[in-house]
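Written below as structure tokens is the structure these notes are about.
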Amino acid sequence: MLLSVRNLCVDFHGEDGPFRAVDGVSFDLADGERLAIMGESGCGKSSVALALMRLLEGGGVHVSADHLALDGRSLLTLDARAIRSVRGGEIAMIFQDATTALHPLIPVGAQVVEMIRAHRRLSRSAARTLALSLFQRVGIAAPERRLAAYPHELSGGMCQRVMIAMAIACRPRMLLADEPTTALDVTVQAQIMDLLLDVSAESGMAVILISHDLGVIAGAADRVAVMYAGAIVEIGPTETIYALPAHPYTRALLDTAPRVDIGVGEPLPVIPGNVAGAHALVGCQFAPRCDVAVDRCHSARPPSRRIGDRHEVACWVTTDTAGADAR
Amino acid sequence: MGSLILSRLVQAAVLLIGVSVIGFTLMHLAPGGPLAFYTNSPGVSTADLVQMKHAFGLDRSVAMQYLFWASDMLRGNWGYSFFGGRPVRELVFERLPATFELMGLSMALAMLAGTGIGVVAAVRKDSLFDHLVTLWAMLALSLPTFWYGLLAIFVFGERLGWLPVGGRSTLGAGEDIAGHVTHLVLPVGVLATVIAAQWSRYSRAAILDVLGQDYMRTALAKGLSPLRILIRHGLRSGMLPLIALAGLQLPMLVGGALVTETVFAWPGMGLLFVNALSYRDYPVLMALLMLSALLAVMGNLLADIASALADPRIRLGRSA
Amino acid sequence: MSMGFAHRPRRPVQAGLRRFSRHRFAVVGLLVLLAMTVAALFAPWISPFDPDRIDVAQRYILPLSADHILGTDDLGRDVLSRLLSASRVSLLIGVSAMLMTLIVGFLVGAFAGYCGGWIDAILMRLTDMLLCFPNIFLLLFVAVFVPPSRVSLAALIGLTSWMEIARISHGQIRSLKQRDFLEAARLAGASNVRIIMRQILPNSMTPMLVAAALNTANAILLESYVSFLGYGIQPPQASWGNMLTYAQSEFAIDPWLAVFPGAAIALAVTSLNFIGDGLRDMLDVRLKSR
Amino acid sequence: MRKERRGVAEAASEASGQGYGRRTLLHLTAGGAAIAAFAVGGFSYRFRDRHLAPGQLALSDQCVDAFLHEAVNFNPLLYMEAGPETAVEYSVFDTLWKIDPSGQYVPNLAERIPTVGNGGISSDGLDWTIQLRRDVRWHDGKPFTARDVLFTLRVLMNPAIPVRSRNGQTNVEALSALDEHTVRIRLSRPFAAYMVALERTSIIPEHLLAMEPDLTRAPFNSRPIGTGPFRFQEHIAGDYIAFLPNLDYHGGKPAIGRLIQKYIPDQQTLFAQLQTGAVTVLDGKGIPADLYERSRTDGRFNVVLAPAPYVEFLYFNLGRPQFADKQVRHAIHYAVDRTAWVDQLYYGLPEATLSYLPTSHWAYNHMLKAPPFDLDKARQLLDAAGWLIQSDGVRAKGDVRLTFTCSTAAGEKSREEAQLLLQQNLRDIGMEMAIHNMPGAVVYGDYTTNSEFDMVLVGWDPMFYPDPDYSERVASHLIPAKTGRGANYSQFSHPEVDQLCREGLATLDQEERRRIYWRIQEILLEELPFIPIFSYRSALGVSKQLKNFVPNPYTPCNSWNNAQWRMS
């Protein structure tokens, strides 16, 4: 396994009181595999990504896990220097809005060069040559000129290409793509997704794609993890999830799919109620909004159970039925 | 760049004219006048007053007086003080170095220290250090400087006798740099503390603002060292508003040390201004007002240019 | 919002209040200020003595001795009573100068922002200019020509420090102008004045509230500076500023005379600054801290 | 938004242990460089300017004479601010004769004091012949002659030049030089105060100033050249003026190595400087009254009491209906608590007086009786005069209410406190006195000269002090609000006083004059156009090192004998 996560928890002790954003997430990721994490905004998917990079530590944020390993190396115990070499070197990350994720006062080329030189012993000019070729690789026209451009002189799509160029610069083992296309026009979205898949396939890079866009995920991921209120409620191969969603939440999510395309980033209107605060409830977090919930759902947290080939779900109702079927 | 400067210069000229008209009118509409001081001198007869009024040009209408003053000013003649008859330009320029020294030094020290403190406080937001800095800044800014000045004089000068309490040099000591520095300690200390408190607030806010930006997270995700992130990514944008602010504080060089100069008997512009005010020495007052306005205009322009140079997003030639 | 995480549903007002109350300094500041305001309001009834009554036989009584809790000054007047009476003046000047600042600043900023064009350019450049003068410089320049009184001082301070508010409201209006509801209001046939009062004013209220707290603090400080330079509130009326100024020469005889008004100013100003800070957090407005 | 910031913040703070503070500072240094450059500019300018400072001079030989106000005009005929500018005048310039602390005239530039006895003054008092010393040189080496005296007097008589005072010179009919060193002055009428007028007139050099197109703007005014005991060395505006001893001084070489007139605008700072020894003399108005007690026990310096010719007055505007009634003025006098005023508010520093003269003056009328501080008496007086208390607690008679304002120049603490005390006492007898203080430039402007005030609290000296003449402030033809000249701001008009004033000036016989001025003081205390409170006495702080510092009650400035000052 490239990445192995067991019982990852993220706790915030913010001004609004303590609050658990990620609540016992576990999953594995194989080399070159593409996993999508799907869910509404605020469900904790980005926190998972940031926690993997150890970008959430300190200042009232507490990250814990039974096991969090990249290639068998525990990420949680690395010292500051080692974790820096992981960031960008072994796990790269791209963000939702590339125009704000790039430093506005530094030419984009220099930002890529900076990334390269942070991880590889290359001279300034060699790094620049590499950056140039990366720009060509990610399909930036007139790369020479673009190296010297500032983010505000580039379009959103172009900025995201720069981000991708930066992400693949140090040949990382894994790429965290946090809503990489959300801020883009629909036509550009497709191009960027294609590019992303392209470069990951080419270098054998594993990808964790975080998105609420079912369309994007369908075409890109091998596996899908559905998160709700800080926990993974269902995980399984993409086709299985789309074809036979097991969790009521996944089903509801898929039902609203057409609408998601229209209202980017908006909460799903057809699921009644709001996302509950994680750990606020004793039972299943989704229970208050669930139309098939039974008494047990309100009193006890459902464990994640395997119901098919690499298909796991955390739901009393489904697993009981499925379990019955299996028996 | 050229057109930016040009258009700003035109604006500046218009503004300077406006300021001068308002200042001049205000001054002359006000009760009391420069002759009052002569009146108080029992040897001056009413006929003398009429004569003086004429000599000072005060018997003309305000509009005419303004025109005369303005045309003199444009030709580089700042006029003559009503008291002592010295050329105003001479009066002002002999005071400038003292004020620039006091205020410049205080501002330089305060900006350095204040920015440093503010950056650390921002980086360690909500730490004990941050809270202490906040408390210190609030206290420093909550009492008038003269209070601190008098306290410092009382403690360090009178009681402990460590430092000279006023003036700019040890009299008659010649070129005595050490003596000069000791005279600077208290006034600069008081002024710098207060200005530093302000700057620490500015820079803390600016850095906090930057730390919350997406690109700072990107920099972290790139695996850069925190030091590099703070300096190359954080300060680079955090300093932008501070640079602009520094430019805008340029006029403080003239009027900022008003009270401190009085307390520490510092022979600078502040004292000149306060005295000119109480004597109603119109030519001196106008000169100081215009100088301050000029510095304000320059400060604005410098702030804009500095921002334009430092921030590629501001397109040159268009005012920010 | 680049990163979403679940948050407990809470109404914004509640959340704001909670954020404010988490700002411990701000809460303390608010309590202190409230106490001072109440004391000022009821000063004539809670003052142990007539604040202006001179009794030279009773002068320089030290704090905590005899009937005078905070002692007496060089004319034998009760310091506590004078502080209370002074707080009425100083707080009043602070508040009325602040109101003045708000009104003038808002009108200039709103008018400029709303009209746009050359009116905007002229007004805002003038604002920039005035903002550049050291406040005390400007204030003194005007103060010399106007006899000092409670009203004139408040007006002067107000008239020389409205520029920041103008900038804030100007910025607000420029951004609000982009939004739809103004267009809607205009289409609905609302007059300009009505639009400014009904739409723009409430919408730019929040950042102005923060600036108001800071302005009040500033005005209280300015009053003391003006007093120091001899253009302040006239005797016999006490103000914190003139009490502090008069106490200077007694620093060695009776330092308490300088300590109490100093402490009052520091307390009020610090409280207001913290309240401003707290409000800023609470309303989460990005003020350009100038 | 807030939360991920934490990560960054924390990560950044990891590095703080690795010395990022230093690097940050380096970066910031670059930012502060521009401003630092200003400061450096200040330094270099400063040191270029001070090449004159004598490096070898022993600091112990230097006398620092400190004032609260700054001298700006060094031309003795033109300056306005008595005090520091007078000190410059006394250092750099000479007069024909001086007056010593006993009130005797002492020849200076003149060979001897002209009197009727020695023929210097003709028996009708009109012709004055003055012999000048022949051994006097200007600081630039040119000889001093009768031409300089004539030039000086002509400047004073030239109506086109706004001089400080041309008092006395208006009585001059003709001027001539009998030879290089003899001056003849003919007066149009006998004028006793002319001795004082000349005692007050410093002689300026004709050879340097005769060609000046505009005397008021002459560079001379800031770089004076005189014949006095000290030569002007340098002036650092807002800071100090330095003088070096005039080695050729005709009165003997001054004993101090360097005289510095220091300007310290804040009283507390000034006092602290005296305590730390940075200042040799706390001069001018001296130590503020409220520090007087403490200064006497400080021990680090001597306190020298210097009587000054100023008297603190409450001046009434008799043009106001409230004050037209003499009984009201007397009632107010009963309500003046002179003892508390002098002893408490001024800590016993000044001396109570009942006349416009200090009690030590030769013409002071010692028969004057002070009314007691008696509020009941005041009330009775008002009741008897028909000023009755109205429903609002304020007395009135007809439609005139006893409501008025009292003004003084804002910023003088003891004086403002005295106003408060008076205000309280007057309130107790049914008068409403509002305090209406303004900056000096307003109070002493038209407000005073056009008699626009109700009551002012002022400290004024007689015009020709030490001459007892007071006609300028009491003669009826010198009411500026009516006649356009004079300084009779209270608009007092009393035929007998007018007559006495004329007689007093026309005679040179001191006994006769004493009789006249006694009568004038008697009338003034009865008519009460103003209430004298006390005559000023400054508490000067003087370093124990300074010898021969002797205040002179007859000069407006203590530098009168600074040629004799010596540092031990």
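Residue numbers (our numbering), protein chains in the order written: chain F, 342 to 668; chain W, 530 to 849; chain L, 101 to 390; chain R, 8 to 575.
The beta carbon of each residue, even a glycine, is placed where N, CA and C say it ideally should be.
Nearest-angstrom Cα separation, counted from residue j out to residue i
i             : j             : result
residue 195/L : residue 367/L : 16 angstroms
residue 565/R : residue 231/R : 20 angstroms
residue 387/R : residue 441/R : 23 angstroms
residue 347/R : residue 177/L : 15 angstroms
residue 373/F : residue 769/W : 43 angstroms
residue 540/R : residue 487/R : 24 angstroms
residue 291/R : residue 76/R  : 8 angstroms
residue 329/L : residue 631/W : 20 angstroms
residue 420/F : residue 342/L : 60 angstroms
residue 714/W : residue 692/W : 8 angstroms
residue 19/R  : residue 550/F : The pLDDT assigned to residue 19/R is 36, lower than 50, so where the model puts this residue is not dependable; a value taken from the coordinates is nonetheless given after this. C-alpha separation (whole angstroms): 28 angstroms.
residue 351/F : residue 130/L : 35 angstroms
residue 468/R : residue 314/L : 49 angstroms
residue 354/L : residue 428/R : 21 angstroms
residue 553/F : residue 415/F : 29 angstroms
Nearest-angstrom beta carbon gap, residue j and residue i [assumed within contact, 8 angstroms]
i             : j             : result
residue 311/R : residue 108/R : Not quite, the Cβ-Cβ distance comes to about 12 angstroms (not below 8 angstroms), so this is no contact.
residue 732/W : residue 647/W : 3 angstroms
residue 175/R : residue 204/R : 3 angstroms
residue 120/R : residue 104/R : 6 angstroms
residue 308/L : residue 206/L : 7 angstroms
residue 140/L : residue 182/L : At roughly 13 angstroms, the Cβ-Cβ gap does not stay under 8 angstroms, so residue 140/L and residue 182/L are not in contact.
Proximity to residue i [Cα-Cα], best of the options
i             : options                       : result
residue 428/F : 371/F, 459/F, 342/F and 407/F : 459/F
residue 526/R : 410/R, 493/R and 477/R        : 477/R
residue 513/R : 196/R, 410/R, 419/R and 278/R : 196/R
residue 225/L : 826/W, 836/W and 831/W        : 826/W
residue 315/R : 82/R, 188/R, 70/R and 544/R   : 544/R
residue 437/F : 653/F, 522/F and 543/F        : 522/F
residue 493/F : 442/F, 466/F, 467/F and 360/F : 442/F
residue 228/L : 610/W, 694/W, 608/W and 830/W : 830/W
residue 565/W : 809/W, 680/W and 552/W        : 809/W
residue 409/R : 78/R, 472/R and 394/R         : 394/R
residue 476/F : 454/F, 554/F, 461/F and 462/F : 454/F
residue 410/F : 367/F, 440/F and 472/F        : 367/F
Within chain C, partners of residue i - CB distance below 9 angstroms
i             : result
residue 491/F : Absence of chain C from the displayed structure is noted, the protein chains being F, W, L and R.
Item to complete: Spell out a yes or no on whether the region 546 to 558 of chain R and the region 393 to 403 of chain R are touching, meaning 3 or more CB-CB pairs, one atom from each, closer than 8 angstroms.
Response: Result no; under three Cβ-Cβ pairs closer than 8 angstroms.
Practice prompt. For the region 231 to 250 of chain R, enumerate the residues whose C-beta is nearer than 7 angstroms to any C-beta of chain W, in chain order.
Written response: Along the region 231 to 250 of chain R, the positions whose C-beta sits under 7 angstroms from a C-beta of chain W are 243, 244, 245, 246 and 247, read in chain order.
Practice prompt. Using a Cβ-Cβ cut-off of less than 7 angstroms, list which residues of the region 588 to 602 of chain W approach chain R; keep chain order.
Written response: Among the residues of the region 588 to 602 of chain W, none has a Cβ less than 7 angstroms away from any Cβ of chain R.
Practice prompt. Pair every Cβ in the region 267 to 278 of chain R with every Cβ in the region 510 to 530 of chain R, then say whether three or more of these pairs are closer than 8 angstroms.
Written response: With the rule of 3 Cβ pairs closer than 8 angstroms, the region 267 to 278 of chain R does not count as touching the region 510 to 530 of chain R.
Worksheet entry | Contact the region 376 to 385 of chain F vs the region 565 to 577 of chain F: 3+ CB pairs below 8 angstroms | Taking one beta carbon from each stretch, the region 376 to 385 of chain F and the region 565 to 577 of chain F have 3 or more pairs nearer than 8 angstroms; the two touch.
Worksheet item: Using 8 angstroms as the threshold, is the region 602 to 620 of chain W in touch with the region 743 to 754 of chain W, meaning 3 or more CB pairs across them?
Response: Between the region 602 to 620 of chain W and the region 743 to 754 of chain W, the count of Cβ pairs shorter than 8 angstroms is below three; the stretches do not touch.
Worksheet item: For the region 504 to 514 of chain F against the region 430 to 447 of chain F, are there 3 or more C-beta pairs whose distance is under 8 angstroms?
Response: Counting C-beta pairs with one atom in each stretch, the region 504 to 514 of chain F and the region 430 to 447 of chain F have three or more that are closer than 8 angstroms, which means they touch.
Fill in: Validate contact between the region 176 to 190 of chain R and the region 153 to 164 of chain R using beta carbons, cut 8 angstroms, 3 pairs
Taking 8 angstroms as the limit for Cβ pairs, the verdict is that the region 153 to 164 of chain R does touch the region 176 to 190 of chain R.
Worksheet item: Going along the chain, which residues of the region 282 to 301 of chain R sit with their C-beta nearer than 7 angstroms to a C-beta in chain L?
Response: When CB distances to chain L are screened at a threshold of 7 angstroms, the residues of the region 282 to 301 of chain R falling below it are 295, 297, 298 and 301, in chain order.
Worksheet item: Residues in the region 408 to 432 of chain R with C-beta within 8 angstroms of chain L's C-beta atoms, listed in sequence order?
Response: Result list: 417, 418, 420, 423, 424, 426, 427, 428, 430 and 431.
Fill in: Cβ contact (3+ pairs, closer than 8 angstroms) linking the region 601 to 614 of chain W and the region 756 to 775 of chain W
Taking one beta carbon from each stretch, the region 601 to 614 of chain W and the region 756 to 775 of chain W have fewer than 3 pairs nearer than 8 angstroms; the two do not touch.
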